[in-house]
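Protein chains in written order, with our numbering: chain R, 1 to 285; chain H, 1001 to 1354; chain L, 2001 to 2354; chain D, 3001 to 3229; chain X, 4001 to 4229.
What follows is a short report on a single structure.
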Amino acid sequence: YSGAMDGKEVLVVATTTSLEDTGLLEEIEAAFEAKYPNIDMQVISGGTGIAIEYGKNGDVDIILVHDKTREEELIEDGIGTKRNPFAYNYFYIVGPSSDPAGIKGMDASEAFEKIQEEGEKDPEAVEFISRGDDSGTHSREKKIWKAAGLDYNNTVQNAPWYVESGKGMGDTLTIADEKQAYTISDSGTFLAFKDKISLEALITESPDLLNVYSAIPMNPDKVPTTNNDAANKLVEFLLSSEGQKIIAEFGVEEYGQNLFTALNGGPEPTALFSSFLVGQSELAA
Amino acid sequence: MYLLEIENLNKKYGSKTILEDINLKVKTGINMGLIGPTGCGKTTLLRLIDLLETPSSGKIIFEGHEISPKKGNLHIRRRMGMVFQKPLAFKGTVYDNVAYGLNIRGYDKEYIQNKVYQNLELLGMEDYAHQNAGSLSGGESQRMALARVLVTEPDLLLLDEPTSNLDPLSREKIESLILHLKKEKDTTIIMTTHDLIQGQRLSDEIAILNQKIFQIGKPEDVFRKPKNQFVADFVGVKNVIKGQAKKDQEGLTIIKSGNIDIYSSKQAEGDIFVSIRPEDISLSWDKVKTSSLNELKGKVVEIIDDGALIHLKIDAGSELFTVYMTRKSFLDMKINIGSELWMEFKATAVHLFQ
Amino acid sequence: MYLLEIENLNKKYGSKTILEDINLKVKTGINMGLIGPTGCGKTTLLRLIDLLETPSSGKIIFEGHEISPKKGNLHIRRRMGMVFQKPLAFKGTVYDNVAYGLNIRGYDKEYIQNKVYQNLELLGMEDYAHQNAGSLSGGESQRMALARVLVTEPDLLLLDEPTSNLDPLSREKIESLILHLKKEKDTTIIMTTHDLIQGQRLSDEIAILNQKIFQIGKPEDVFRKPKNQFVADFVGVKNVIKGQAKKDQEGLTIIKSGNIDIYSSKQAEGDIFVSIRPEDISLSWDKVKTSSLNELKGKVVEIIDDGALIHLKIDAGSELFTVYMTRKSFLDMKINIGSELWMEFKATAVHLFQ
Amino acid sequence: MLSPVIDGIYQAINLIITLDPEMVEITLRTLYISLSSTLVATLIGVPLGGLIHFKAFKGKRGLINMIQTLYSVPTVLVGLFVFLLLSRSGIFGGFNLLFTPTGMVIGQSVLILPLLVGFTINSLSGVQKNIEDLALSLGASDFQTIYTIMKEARYALIGAIILGFGRAISEVGVALLIGGNIRGFTRVITTTISLETSKGNIALSIALGIILLVIALIINLILNYIQEK
Amino acid sequence: MLSPVIDGIYQAINLIITLDPEMVEITLRTLYISLSSTLVATLIGVPLGGLIHFKAFKGKRGLINMIQTLYSVPTVLVGLFVFLLLSRSGIFGGFNLLFTPTGMVIGQSVLILPLLVGFTINSLSGVQKNIEDLALSLGASDFQTIYTIMKEARYALIGAIILGFGRAISEVGVALLIGGNIRGFTRVITTTISLETSKGNIALSIALGIILLVIALIINLILNYIQEK
Ligand SMILES: Nc1ncnc2c1ncn2[C@@H]1O[C@H](COP(=O)(O)OP(=O)(O)OP(=O)(O)O)[C@@H](O)[C@H]1O
Ligand SMILES: Nc1ncnc2c1ncn2[C@@H]1O[C@H](COP(=O)(O)OP(=O)(O)OP(=O)(O)O)[C@@H](O)[C@H]1O
Ligand SMILES: [Mg+2]
Ligand SMILES: [Mg+2]
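Have a look at this one:
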């Protein structure tokens, strides 16, 4: 493998949109490239699905995603070498400040239940916008519906109050704002959009809203074209105190709060799904 | 009553003057011939009349009302029709082309069909109705174009060289058609032609154009009595001689040019042009007693067989004369290059112009 | 040596036969005239020769080698040139158009400029060099087209009605140019024309075409001795009479048709056509002693002034004769409608054909 | 590794044969929206192009340059612009057209209008000036003359309409921003392709693309048939 | 609420005046990629269109229909297709063209090739058949004849090239899938607009769109200038 440009080694990184759109990766890239002047880090952002597809084809060397279930499948298939959680934050359940379903203060699954209830009563007043794109956020949303005891495929998906946007987080927030509807968003994207929309984060800290980002280098045995060496260097960098410091401080200046929480060498935080059964893979973690 | 009047019309393209101070009055039912050298502005004049071109200045008056290519002239345009010099056709069949004028006037289908076939037949084009109009030969295109305009029965028909691509037989047919239109339908026609004989044969009036109008009048006048050198040259008046005219006895004029004296029955004085039509000159081997006042001796320097006539060029010293004679007389007289002969012509056959 | 030979050439469009079994041999330096009614296939034949059209069958042979519109004929095409019947121009100026043929042959700029101006001058078009070619008048386009092809100095020049849009003076110029080309440059020319007189004047050989070739030969033969009715009609041979020929005394033939007997000095028997040229017939008020064997009485039923000549139609019972005479004799004889006159013509003036 | 293509072809055939109901719904919506916007843009653009072609006015060349420049307008930009107009807080917010098929028709019409105007002008320029004279001379009104010239140029005009339709049916920027890709309501083939691609379902995306092309082929055949008549 | 538009115009002017270095870099890359793909597609498409126009063969009508159908190909589909070819596990994976500007040029060339072929055919159809005869008759070789006819059709041909360029510079599907929108390497104006839109920076997106249009206008003026020469 030789993807050298200007004599530089190329490290291609596929990432979910939230990491790129918030601008976090831009800072990480700058610092990483400063540390390894011989490596050209190239970031490709897209949905979780296409990022994994890139990884399988050997088009990228490492992926940064936030969908534990699929991450573990990838490891199981031997395509990824290891999950390396490097940051987390929370998903927010957001909605109009008038909160027509009255979910403020509830935990996530209660809130979803309430939204369903009120939505059935008056689909004009209470709507929920889903990304519906099999992204990490969408996966999490589905899990919460399940946790709320609802049959996603039959009760939720075809309900008149449930709208699938089939789009990225930013666009989905825009649609929710236009329609004055509820949705679930990763905190980073929401904070970045906060000024542009009138929606409010109604639920922010429920344990089942935990959102863990991890880095998975591609397995050089399965994907022979990959630049595993540089990928491992990036993992190393992300987990290093230097990398963790960037993550911890990112966004403080612009949004007045950090968008991501660094792990700082600590263990991966586990979602505390208290009131429901979690999936097999979730338990295994 | 004039159908069409043109007053002080000028047309320029950029700084190039094409038409200058054109004045023309065309009576209803008249056939006006427009004749002039290539590029003299004939097509431009027809296009101006047909409202396809905007005059630089001047007026075009149709039935007493000034018309212009601006809006609101549809009813006038629908009373005129033009056959263009360059072959032009809409995509589609000959039928489609000929039916066009009727279609846009909203006639019903049956009427259109009758009318189209009637006119195609008139022009011997009925077998071509379903042929692609673009594949017609030169002459066929011209006939189609005529049919296309005739179906609309225009009051004013503008024909730009309508027979230039036709063989003699087809040409004759179109000519009788034109005469018929004029007679039976009282159609007013303005046509250009390069065929001077056709112009003479078909026109009630002829205008000789070359940027300006140089002469306008009955064909016999224009062709036999050109008003100026340009017209004389152009209509192919032969035996044009420049001389000084002086009064002679008995109301005759004597014109002197080099070693030649010519008598004319017309009155004139001073510098003048003389012309004698080649067929008005008789030839004989000997000077004969005759009532012809003019008798000049000359030598045959050129003999051309034109098919219909024999053209002789006879050198009379300071002038070269052209004489036409039938093949029969030519053979009977046993004329040959070098023959010295006497030319005779009457004083009434001598035309004078400036 | 023939420059061009055509063997058994056929051309169909769909099921419509345009040309049938054309055979033609054209000697180098010859001017061949193609004459025929509109739509008879003249243009098609020229296009076939110019390799713009593919024959349905048959051969075209150039300097002994068969040629076809397929690949690899560039060197042959570059030795031919065609002036199209319809006016055609590339976008751009007259100069651009005329220079085209030289540009594609890769000549240098200076040579091209000289050549272009030289030819524009030859055709009186030098003032138009920078005018947009699309805005030329009909006659100007035709002259430009000729200049455009002449700059390439073709060995074989195909002219499709090259003077149809020209006034008499320009036409005369072009005609002398054509004669000059033939004489000085030994250019072989095939030209179509509807002007029969022009055809006669310019051509060494004339082919009468109407899908097939009906007659081919020297102009005087084709025009004076048509081989068949079609040619006779087409070239405007007048006084064509159908009759039965029988031998008479003294090597003469007598042809009977209705109440008319005509003597001819030519030999023939059975059904036959007779023609007498209108200018070969003399008229007189009384039956006169004459060497003319044929004397027929008739009544004047029509008088047409053709400009150059007076055309009379004389009814001789079972046939209507056309007679031409000069205006002078016409006036001298004081002929008028209804005049009963004697027509006389020699037995040698009676042409016979099938 | 072109197996997703083969897989995609297989899936496309399967979706077509089984008349997958969601697929049928999306396809019909796609057709409705792109045909409507093509129609709207044609009805506005062709006469407008005609007007520009036939009128002589100052700045005509410049106007045509501007129109041609709009060939380069990214669909997202048009999407954004129309979004701002139709948005709740926009000028036309009151009509509630955002995230509706009607809104998409408006957006796509705006998108393809410059193409139709520009290529109408191009098509008409291909017709000889003489044909206009011929029509006028035979007594055609101004309107009839324009109609005649359009008929002469119909091959090229149909080409322009096919182009406009192609742009409408294939674009995704307007469809996403104005339509919102809402399942069962504004989801069309291209937005579905985008979605499936972001999900990594490449074969399905290709299958959808193939279906889209089949539809386009049928529409083109119909338009060409009209033209040849 | 059109204030983002006004804000966008303001930002656009600001970005242009200050020659914002990232903006300059993205703009130059955009120009390089879209001009290159227009050039490639023109060099292939125009002769190909000429060939199809001038050759008579069976199935020509059908081929033209196919080409016109490809006007409808969604950029994402082309993106996917070229992606599969250029992917490291694809046939041309060995060239490492995925996520490179060169790969984007390939993808965009593929995308606009049908437009150039189709509209070359359209343009040439506008030239009278007679002009071909005239050129041949004056001794032009086949190649010279085609060149002559293209010169006659240059107004329409330039229109086709402007169209191709417009499609290349404005498309985003290929740029995203093949380019990957890599900052400093494959990011172009349209992918930046997409990114900024998804970030909710509407005014900035509009500013970028305006800059793109300004570039397009300049290119069109140059092309039109060439055509008029
Ligand atoms: N747009 C133009 N710019 C410059 N000159 C022009 C333009 N259009 C026409 N002309 C010139 O105007 C003159 C008159 O043209 P017109 O077609 O009226 O001549 P015409 O008398 O019909 O000649 P012809 O007998 O050859 O058909 C020509 O010399 C022509 O070159
Ligand atoms: N594509 C075609 N399909 C059917 N008929 C055609 C086609 N092209 C030409 N023709 C016919 O072929 C015949 C010969 O045409 P051509 O142009 O050779 O005639 P021409 O002798 O030059 O006539 P003209 O003296 O009128 O120019 C015409 O009757 C014409 O209608
Ligand atoms: Mg003219
Ligand atoms: Mg012809």
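Glycine residues also receive a C-beta, built at the ideal position from the N, C-alpha and C atoms.
In chain D, what lies closer than 8 Å to residue i by C-beta?
i        : result
R/Asn-50 : According to the sequence as given, residue 50 of chain R is Ile; it is not Asn. The contacting residues are Thr-3197, Ser-3198, Lys-3199 and Gly-3200.
Who are the Cβ neighbours of residue i in its own chain at under 6 Å, not counting the five residues just before and after it?
i          : result
R/Ile-44   : Ala-14
D/Val-3174 : Thr-3075, Val-3078, Gly-3079, Gly-3107, Gln-3108 and Leu-3111
R/Gln-280  : Bear in mind that the predicted position of R/Gln-280 carries a pLDDT of just 34, short of 50, making it unreliable; the figure below should be weighed with that in mind. Answer for R/Gln-280: no residue qualifies.
H/Ser-1282 : Glu-1344
Give me the chain L residues within the contact set of residue i, using Cβ-Cβ distance strictly less than 8 Å, ordered along the chain.
i          : result
X/Leu-4051 : Those within 8 Å of X/Leu-4051 in chain L number zero; the least Cβ separation is about 14 Å.
X/Ile-4131 : Leu-2088 and Phe-2090
Can you list the residues of chain D that residue i reaches, using a CB-CB cut of under 7 Å?
i          : result
X/Leu-4028 : None at all; the shortest Cβ gap to chain D is about 16 Å.
X/Asn-4220 : Asn-3065, Gln-3068 and Thr-3069
Using 7 Å as the cut-off, classify the Cβ of residue i as near or not near the heavy atoms of ligand 3, replying yes or no.
i          : result
L/Ser-2137 : yes
H/Lys-1256 : no
H/Asp-1160 : yes
Going by DSSP, which residues form a beta bridge with residue i?
i          : result
H/Trp-1342 : H/Ser-1284 and H/Lys-1297
L/Asn-2031 : L/Ile-2189
R/Pro-85   : R/Ser-214
L/Glu-2005 : L/Lys-2025 and L/Ile-2061
H/Val-1323 : H/Leu-1312
R/Asp-59   : Beta-bridge pairing links R/Asp-59 to no other residue.
H/Pro-1207 : Per the sequence shown, residue 1207 of chain H should be read as Ala rather than Pro. DSSP lists H/Leu-1034 and H/Ile-1216 as partners of H/Ala-1207.
Chain D partners of residue i, CB-CB under 9 Å?
i          : result
X/Tyr-4155 : Asn-3122, Ser-3125 and Gly-3126
Ignore the nearest five residues each way along the sequence and tell me which others in residue i's own chain have a CB closer than 7 Å to its CB.
i          : result
R/Gly-348  : The structure shown does not extend to residue 348 of chain R, since chain R is modelled only from 1 through 285, so no value can be given for it.
H/Ala-1347 : Leu-1252, Tyr-1263, Ser-1264, Ser-1265, Leu-1293 and Asn-1294
H/Tyr-1002 : Lys-1025, Val-1026 and Lys-1027
Is residue i a contact residue of ligand 2, with contact defined as CB to any heavy atom under 7 Å?
i          : result
L/Lys-2346 : no
H/Tyr-1095 : no
H/Lys-1246 : no
H/Glu-1140 : yes
L/Thr-2044 : yes
X/Thr-4102 : no
L/Tyr-2100 : no
Sorry if obvious, but does the Cβ on residue i come closer than 7 Å to a heavy atom of ligand 4?
i          : result
H/Lys-1086 : no
Please indicate yes or no: does the CB of residue i lie closer than 7 Å to some heavy atom of ligand 1?
i          : result
D/Asn-3122 : no
H/Ile-1239 : Before going on, a small fix: residue 1239 of chain H reads as Asn here, not Ile. Result no, Cβ not under 7 Å from ligand 1.
H/Gly-1041 : yes
D/Gln-3128 : no
L/Lys-2091 : no
Output, in chain order, the set of chain L residues within a Cβ distance shorter than 9 Å of residue i.
i          : result
X/Glu-4152 : Phe-2090 and Lys-2091
For a contact meaning CB atoms closer than 8 Å, what does residue i contact in chain X?
i        : result
R/Thr-17 : Ser-4198
Give me the chain X residues within the contact set of residue i, using Cβ-Cβ distance strictly less than 9 Å, ordered along the chain.
i        : result
R/Val-43 : Gly-4180, Asn-4181, Ile-4182 and Arg-4183
For residue i, go through chain L and note every residue whose CB falls closer than 7 Å to its CB, in chain order.
i          : result
H/Gly-1243 : Within chain L, no residue comes near H/Gly-1243; the closest Cβ sits about 23 Å away, beyond 7 Å.
Discussion item. Give the list of continuous beta strand (DSSP E) stretches no shorter than 3 residues that lie fully inside the segment 3159-3198 of chain D.
Written reply: Fully enclosed beta strand (DSSP E) runs of 3 or longer: not present.
Worksheet entry | Segments of 3+ residues assigned as beta strand (DSSP E) that fall wholly inside the segment 132-216 of chain R | Whole beta strand (DSSP E) segments, 3+ residues: 162-164, 182-186 and 200-203.
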